[in-house]
Amino acid sequence: MCEPTKRTSAEDKQWLDDFYIMRDAQREKMLASRPAFFQALREQLPDIVDDNDPDFARNVLWGGSYAHFPFHRADDTVILLRIRLYQATPDDLHTYQEVAESEAAVMRAAHGAGAPVPAVYTPVFTVERHVGFAVEYMPGSTGTWPITEQFPVSSPAYAKLVHDVARAYISLSALQLPMYGSLCTDGSIGRSLEDLIVSESLLKPFPSYRAYWQAYLDDVIARDWIKTVPGTLGHIECEALLYHPAFDDTDKDRTFYIQRWEDNSTQYLVHEDGRLAAMLDWESSYTTCKGDAFSAPRSLRSDIDRAEFINGNNDMNPGEVLLANAYETLGRPDLAQCVRDGKKYQRLALCARNRTPYRQACWLNALREAVGEKIDKDESLENWIARLKVTHADDERLKRVIKLEEAAAAAAAAAASKVEAAREPEATSKGETEVSKAETEASRGEAEKSGETKGEESGGAASA
Numbered sequence: 000m001c002e003p004t005k006r007t008s009a010e011d012k013q014w015l016d017d018f019y020i021m022r023d024a025q026r027e028k029m030l031a032s033r034p035a036f037f038q039a040l041r042e043q044l045p046d047i048v049d050d051n052d053p054d055f056a057r058n059v060l061w062g063g064s065y066a067h068f069p070f071h072r073a074d075d076t077v078i079l080l081r082i083r084l085y086q087a088t089p090d091d092l093h094t095y096q097e098v099a100e101s102e103a104a105v106m107r108a109a110h111g112a113g114a115p116v117p118a119v120y121t122p123v124f125t126v127e128r129h130v131g132f133a134v135e136y137m138p139g140s141t142g143t144w145p146i147t148e149q150f151p152v153s154s155p156a157y158a159k160l161v162h163d164v165a166r167a168y169i170s171l172s173a174l175q176l177p178m179y180g181s182l183c184t185d186g187s188i189g190r191s192l193e194d195l196i197v198s199e200s201l202l203k204p205f206p207s208y209r210a211y212w213q214a215y216l217d218d219v220i221a222r223d224w225i226k227t228v229p230g231t232l233g234h235i236e237c238e239a240l241l242y243h244p245a246f247d248d249t250d251k252d253r254t255f256y257i258q259r260w261e262d263n264s265t266q267y268l269v270h271e272d273g274r275l276a277a278m279l280d281w282e283s284s285y286t287t288c289k290g291d292a293f294s295a296p297r298s299l300r301s302d303i304d305r306a307e308f309i310n311g312n313n314d315m316n317p318g319e320v321l322l323a324n325a326y327e328t329l330g331r332p333d334l335a336q337c338v339r340d341g342k343k344y345q346r347l348a349l350c351a352r353n354r355t356p357y358r359q360a361c362w363l364n365a366l367r368e369a370v371g372e373k374i375d376k377d378e379s380l381e382n383w384i385a386r387l388k389v390t391h392a393d394d395e396r397l398k399r400v401i402k403l404e405e406a407a408a409a410a411a412a413a414a415a416s417k418v419e420a421a422r423e424p425e426a427t428s429k430g431e432t433e434v435s436k437a438e439t440e441a442s443r444g445e446a447e448k449s450g451e452t453k454g455e456e457s458g459g460a461a462s463a
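Taking numbering that gives the first Met the number 0, the leading residue of the sequence shown gets 0, the next gets one more, and so forth.
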């Protein structure tokens, strides 16, 4: 039930070719803007040195959404300008600035708490509609995705990395905040920036985990793209599971912790022996309840772990087992329990953000299992839809979408009938023409046959 629709290799190749062409063109454009970036950065840090080494100037660390330009300071130390790759439109500029300011605030707080996070050296500023700020350069190599390609699960280096990740999250646990949302420059909590959904219902902080996800699901169900019966059913079911007793403790939480949005191993800087050098990319990080914040980072998964999770398996993977054990060793059994109980938080976020029916059926059943309910793992998508239609038959939102779908189907049928009716006279006329043509050909054939017979008779009489 969890099998996705597969794209062809030709489609994948074309997509990748187009992506690389666009990416490379944007990188060259950014390199051409380096002098402007230098001037803007010098206004913030007067001791920046404009070196003339072209190799150093082009030694940019490229990310998916950001570039990191290296610059020397007067004491020969290196700093990085973390700047957004793409120019913001006039309408988006304020949002991008808000996102960058929140990221810088999180990094300052995490660095101050002792986590391996680069220091922030400047306020957020804008150059040619590129938003950025300067951060500390930290040695290390970028982690692979998955990290187990670099450090196999059974290796001492992987165990060392997991232990260091546990230490980093213990440092982050010292940052305790009062609401669900995103950290602001002044230390207050503002609207959640994790999904950049511009919806009035989400442009504010929330008092609890449940309150945020309820507002999120309300917003999703109201959107045009979700107005299909399977999509609406999936999000109504997700809402119902949000109020399962397994999530009751989240209503009591009045202390919130930092959660990374971009949580994958390419955001780690690591050493060859597995030591964690730094955790990068805190864009769109947000505060959430303790169980969610420490449920276990996705960055420790192998490809096999990821595939198992996508296919509905809720067992702890080897990295999660090691992480829970590391928390126990480091004197934090409470965080170890967060890892062991974490699948329900991972599943709920996945289900709420998902838009694909075949995924919803599998993942929502996995969420139901994660909160302690029994499920039928072999249930088909059709049976899942039929069952939930009965379960949520009285939900007005579902009734509305069913009516919309029925009206759309009726309109499509009426349009098809109209097209078919328009074709009938043409087909009749064409048929009559074909019949007439056939009759003419038949008459001509009879006439020719009659003429040949008469000729034969005439020839025979002359001979006699």
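Glycine included, C-beta positions come from ideal geometry on N, C-alpha and C.
A quick note: this is a predicted structure, and the numbers were derived from the prediction, not measured.
Between lysine 343 and valine 370, the CB-CB gap stays under 7 angstroms.
Separation of the CB atoms of serine 301 and tryptophan 144 is rounded to 11 angstroms, and the pair is thereby denied contact status at 8 angstroms. DSSP places threonine 88 outside both helix and strand once states are collapsed to three, so it counts as coil.
Within its own chain, the residues whose Cβ lies closer than 8 angstroms to the Cβ of tyrosine 179, once the five positions on either side in sequence are excluded, are Ile188, Ser191, Pro204, Phe205, Pro206, Ser207, Tyr208, Ala210, Tyr211, Phe255, Tyr285, Thr286, Thr287, Cys288, listed in chain order. When secondary structure is reduced to three states using DSSP, isoleucine 82 falls in the strand class. Assignment of beta-bridge partners to alanine 365 by DSSP yields no partner.
The C-alpha of methionine 315 is placed about 14 angstroms away from the C-alpha of phenylalanine 293. Nearest C-alpha to aspartate 291 among Asp340, Ala276, Ala158: Asp340. Taking the Cα of proline 244 as reference, the smallest distance to any Cα among Arg367, His234, Val126 is reached at Arg367. The region 145 to 157 makes no contact with the region 64 to 80, as fewer than three CB pairs between them are under 8 angstroms. Burial check for proline 296: the Cβ neighbour count within 10 Å reaches 16 or more, so the residue is buried.
Annotation for valine 134: the continuous beta strand (DSSP E) segment containing it runs 129 to 135. The beta carbon of proline 138 sits closer than 7 angstroms to the beta carbons of Ala276 from its chain, once the five residues preceding and following it are set aside; these are given in chain order.
Looking only at Ile401, Gln359, Thr76, Arg41, the smallest Cα-Cα distance to glutamate 238 is reached by Gln359.
Here DSSP, grouped into helix, strand and coil, assigns alanine 173 to coil.
Note on asparagine 364: 16 or more other CB atoms within 10 angstroms of its CB, so buried under the neighbour-count rule. Under DSSP, phenylalanine 68 forms a beta bridge with Leu80.
Here the C-alpha atom of glutamine 345 lies approximately 41 angstroms from the C-alpha atom of histidine 71.
Valine 418 carries a helical assignment under DSSP once its states are collapsed to helix, strand and coil. For a cut-off of 8 angstroms, the C-beta gap from isoleucine 146 to serine 298 is around 6 angstroms, short enough to register as a contact. Within a 10 Å sphere around the beta-carbon of histidine 93 sit fewer than 16 other beta-carbons, which makes this residue exposed. With respect to the 7 angstroms criterion, alanine 39 and phenylalanine 124 are classified as neighbours on the basis of their beta carbons.
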